[in-house]
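K.L.:
Numbering (the numbering used here), first residue to last: 2 to 515.
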């Protein structure tokens, strides 16, 4: 007999592309069968807390378990089907095999046609500049996680088309994708599509990946030379730093709605870069110049970048690369940010994989994950926080809160040292949008005439064209409640990390909105 400590279970059943949510009382478990209100159902789902030796997986995934003692509190939230996990792993293994095979065959063919010889010639600085950009037709593409992982040239499989002048990438449809120590890579969308526009996607990386029909690569030295040739655009450059799920996409679309601002929502090319030291400053200068290029038929007043500041050090290099850049920090009640982040985690591949591994290995995996997080976090996360993390009864929400806390600590430290980085509160924008936008635009040096057109962004779902729109949030919202115990755990974590909790109307000391 296996003891069950929960009174209610909530299941999502997917049949014939239709989803049904069912809430049923769990009576007992016998012979690997669940008995729900007198009706027996064969096990068709995988649960974090129920260890079943023989798992038959088909249509069911656990969505939530409500704690028996509290009865109204969510114990955890997960919609991971291990079959989907196996498919992700299988797809990745197939991709690796195809990647190696493709590269071998491609190099043999390019050696025969003389393409390799020209590529080697182009890597000599100053040689063949006028024809050092290689255009490849995109035949296949694959990314493990289109939303959170950094861009990589290896995501595309392409066939050589021609060599062109690097200025080819200044076309409206071409956008900078990534760079390493050898190549800078750009992607080209179909005619008329500019992937920075929110109508093509709420996030820059997924839009680039989805619309890419060709990709262009050039040697790093040519990338830097092109950036030097075009110089800095006279428009203002603004970086919006933010807590995840704090309304940053809405604020960005307010800038875009003015018709005078180009907005890049979390561009991958500004994070996770390989360069260091002066090479990093050189990279940021070239990257920003080529992203802030002129746009045909548009009088650009500002280029706006939305970035989650996982570490403070990147600022030093960006400011050295572009001294006139301006920063804003957007925040929101951190408990609401955490609940919103947890609500969309089921749509993110990286989170799904973590959930399943956690469900299989339990606390040992949780401890290992936290140790990795401690090592890689850019701020100090003490062992006291780990003890709270291991004992929490609401792992999904607490994990989201922990990620929010790291970003908040980074930004709080930045704001304490830099008097030129004001904070903006999301709740203030919703309550008094016109006044807040007037204040924000004044700080950014933009005309007050832009306030009225910017307000149009309030009338649409800011993330309608993404994996994490309102439909995904509303699906999980009933199961994401913060109770007294979780509030206490979050308060103790905030104290251990020495950050303000920013709940119940509290504001950052440098907030410019009201």
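Cβ coordinates follow ideal geometry from the N, Cα and C atoms, glycine included.
Measuring CB to CB, does residue 154 end up less than 8 Å from residue 176?
P.N.:
no
K.L.:
What residue range does the beta strand (DSSP E) around residue 228 cover?
P.N.:
That residue, residue 228, is in no beta strand (DSSP E); its alpha helix (DSSP H) goes 221 to 231.
K.L.:
Measuring straight from C-alpha to C-alpha, what distance separates residue 378 and residue 316?
P.N.:
17 Å
K.L.:
Please return the same chain residues whose Cβ sits closer than 6 Å to the Cβ of residue 228, not counting the five positions on each side in sequence.
P.N.:
287, 290 and 291
K.L.:
To the nearest angstrom, report how far apart residue 282 and residue 323 are at their CA atoms.
P.N.:
9 Å
K.L.:
Report the rounded CA-to-CA distance for residue 105 versus residue 116, giving the unit in angstroms.
P.N.:
14 Å
K.L.:
Among 297, 252 and 310, which residue has its Cα nearest to the Cα of residue 458?
P.N.:
252
K.L.:
DSSP puts residue 186 in a beta bridge; with which residues?
P.N.:
179 and 218
K.L.:
Look at the alpha carbon of residue 358 and the alpha carbon of residue 373, and state the distance between them as a whole number of angstroms.
P.N.:
Distance between the alpha carbons of residue 358 and residue 373: 15 Å.
K.L.:
How far does the alpha helix (DSSP H) with residue 408 in it reach, from first residue to last?
P.N.:
396 to 418
K.L.:
Should the segment 412 to 419 be regarded as contacting the segment 221 to 237, the criterion being three or more beta carbon pairs within less than 8 Å?
P.N.:
no
K.L.:
Please state the DSSP three-state secondary structure of residue 257.
P.N.:
helix
K.L.:
Between residue 180 and residue 221, is the Cβ-Cβ spacing less than 8 Å?
P.N.:
yes
K.L.:
Measure the Cβ-Cβ separation of residue 196 and residue 216 and say whether it is below 8 Å.
P.N.:
no
K.L.:
Between the C-alpha atoms of residue 510 and residue 360, what's the straight-line distance to the nearest angstrom?
P.N.:
41 Å
K.L.:
According to the Cβ coordinates, are residue 335 and residue 404 closer than 8 Å?
P.N.:
No. Outside cutoff.
K.L.:
According to DSSP, is residue 320 part of a helix, a strand, or is it coil?
P.N.:
helix
K.L.:
Quick check: the Cα distance between residue 321 and residue 280, rounded to an integer number of angstroms?
P.N.:
12 Å
K.L.:
Okay, do the segment 382 to 402 and the segment 299 to 308 touch, 3+ Cβ pairs below 8 Å being the bar?
P.N.:
Three or more beta-carbon pairs separated by less than 8 Å are not found between the segment 382 to 402 and the segment 299 to 308, which leaves the two stretches without contact.
K.L.:
Who are the near neighbours of residue 191 in its chain, counting only those whose CB is closer than 8 Å to its CB and skipping five residues on each side?
P.N.:
174, 212 and 214
K.L.:
Please list the terminal residues of the continuous beta strand (DSSP E) segment that includes residue 162.
P.N.:
Residues 157 to 165.
K.L.:
Under 7 Å Cβ to Cβ from residue 260, same chain only, skipping five residues before and after it: list those, please.
P.N.:
454
K.L.:
Are three or more beta carbon pairs between the segment 254 to 268 and the segment 127 to 145 nearer than 8 Å?
P.N.:
Segments in contact, no.
K.L.:
From residue 170 to residue 263, what distance separates their C-alpha atoms?
P.N.:
17 Å
K.L.:
In chain order, which continuous runs of the beta strand (DSSP E) of length 3 or greater are located wholly inside the segment 308 to 380?
P.N.:
327 to 332
K.L.:
In this structure, does DSSP put residue 75 in helix, strand or coil?
P.N.:
Below a pLDDT of 50, predicted positions are generally treated as unreliable, and residue 75, at 31, falls in that range; no measurement from the model is reported.
K.L.:
Please work out which residues of its chain come closer than 7 Å, Cβ to Cβ, to residue 500, disregarding the five sequence neighbours upstream and downstream, and give them in chain order.
P.N.:
406, 409, 410 and 413
K.L.:
So, residue 293 versus residue 234, is the Cβ gap smaller than 8 Å?
P.N.:
Result yes, Cβ atoms of residue 293 and residue 234 sit closer than 8 Å.
K.L.:
Measuring straight from C-alpha to C-alpha, what distance separates residue 143 and residue 436?
P.N.:
44 Å
K.L.:
Between residue 508 and the rest of its own chain, which residues show a CB-CB distance below 7 Å, the 5 nearest in sequence each way excluded?
P.N.:
426
K.L.:
Does the beta-carbon distance from residue 205 to residue 268 come in below 8 Å?
P.N.:
yes
K.L.:
At a cut-off of 7 Å, is residue 488 close to the ligand HEM when judged by its beta-carbon and the heavy atoms of the ligand?
P.N.:
In the structure on display, the ligand HEM does not appear, and there are no ligands present to speak of.
K.L.:
Pick out whichever of 90, 506, 343 and 355 has its Cα sitting closest to the Cα of residue 483.
P.N.:
343
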